[in-house]
Amino acid sequence: GNSVTQMEGPVTLSEEAFLTINCTYTATGYPSLFWYVQYPGEGLQLLLKATKADDKGSNKGFEATYRKETTSFHLEKGSVQVSDSAVYFCALRGNAGNMLTFGGGTRLMVKP
Amino acid sequence: NAGVTQTPKFQVLKTGQSMTLQCAQDMNHEYMSWYRQDPGMGLRLIHYSVGAGITDQGEVPNGYNVSRSTTEDFPLRLLSAAPSQTSVYFCASSLDRSYEQYFGPGTRLTVT
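Shown next as structure tokens:
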């Protein structure tokens, strides 16, 4: 079946540092890939997505590139802010429908 | 436009009690789903519905029932609560299977 593995947290960075959160996946066919963000006390929000190989999703300064050769979808941001502190989830949707498979989540803490 | 709403926000149950978690959306979305979120495990799909009158099981359906009598509402029923059902529950909706899912704020359930 489908699975998503992402680096365990917490990840603690200083403001303006570079962020990478690793995500790899296992799936048959050509899944769509997503990053969701969960701010404290809230539900998940879609951050970015990519639907085919070599696509780059981007939003709010975050980027992730769909790498089929390495089955990866790493999240990056060049300069994090305190307001980026949240839990980040990598997810995939297989070809069969809208069932999302999530990774375990990575908590990011950004210190001023 | 309230989006996806969930009630209650917090609930404590004793083992064996029953309760219903409410979920409603006002976006006329056909697809609705319930997830549970446990530490380190991401979100796992419990049940989903592709439209009024149609429901199906997800990855972890045991101990939960759902029904979909209207497009707007998708309640989740715990028939006999167990400590293993202590979790945060999220409801989500989307226009159909392939569109972005919108998540509610969650219900934190503790079973003692």
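Order-wise, the sequence lines are chains Z and A.
Residue numbers for the first sequence follow the numbering used here, beginning at 1 and rising by one.
Residue numbers for the second sequence follow the numbering used here, beginning at 1001 and rising by one.
By construction, the Cβ of each residue, glycine as well, lies at the ideal position given by its N, Cα and C atoms.
All figures in this text were calculated on a predicted structure; none of them were measured in a lab.
- By the neighbour-count criterion, in which a residue is buried when 16 or more other Cβ atoms sit within 10 angstroms of its Cβ, K60 (chain Z) is exposed.
- Per the C-alpha coordinates, the member of Z:I21, Z:F102 and Z:P112 positioned closest to E8 (chain Z) is Z:I21.
- Within a 10 Å sphere around the beta-carbon of Q81 (chain Z) sit fewer than 16 other beta-carbons, which makes this residue exposed.
- Contact of E1100 (chain A) with chain Z by beta-carbon distance below 7 Å involves L46.
- DSSP, read as helix, strand or coil, puts D1056 (chain A) in strand.
- When the alpha-carbon of R1077 (chain A) is set against those of A:Y1089, A:R1044 and A:T1071, the nearest one is in A:Y1089.
- Of the residues A:V1066, A:T1110, A:R1108 and A:Q1037, the one whose Cα lies closest to the Cα of Y1048 (chain A) is A:V1066.
- S3 (chain Z) and Y30 (chain Z) do not touch by the CB rule: their CB atoms are close to 16 Å apart, not below 8 Å.
- Among the CB atoms of chain Z, none fall inside 8 Å of the CB of M1032 (chain A).
- Sorting Z:T5, Z:L44, Z:G1 and Z:A17 by C-alpha distance to the C-alpha of M109 (chain Z) places Z:A17 at the top.
- The three-state reading of DSSP puts V80 (chain Z) in coil, since its state is none of H, G, I, E or B.
- For F1074 (chain A), no Cβ of chain Z is located within less than 8 Å of the residue's own Cβ.
- In terms of Cβ geometry, C1023 (chain A) and F1103 (chain A) do not form a close pair [threshold 8 Å].
- Closer than 8 Å to the CB of M109 (chain Z) there is not a single CB belonging to chain A.
- About 20 Å separates the CB atoms of Y66 (chain Z) and L44 (chain Z); that is not less than 8 Å, and the two are not in contact.
- Interface criterion met: the Cβ of L1045 (chain A) is under 8 Å from a Cβ in chain Z.
- Here Q1037 (chain A) has L1043, S1087, V1088 and F1090 as same chain residues with Cβ atoms under 7 Å from its own Cβ, once five neighbours each way along the sequence are excluded.
- A straight line joining the alpha-carbon of W1034 (chain A) with that of G57 (chain Z) spans about 26 Å.
- Nearest Cα to L1095 (chain A) within the set A:N1062, A:M1032, A:I1046 and A:M1041: A:M1032.
- The beta-carbon distance between G1003 (chain A) and M1027 (chain A), rounded to whole angstroms, is 7 Å. This is short enough to meet the 8 Å contact definition.
- Per DSSP, reduced to three states, the secondary structure at S1084 (chain A) is helical.
- For F1090 (chain A), the secondary structure class from DSSP, reduced to helix, strand or coil, is strand.
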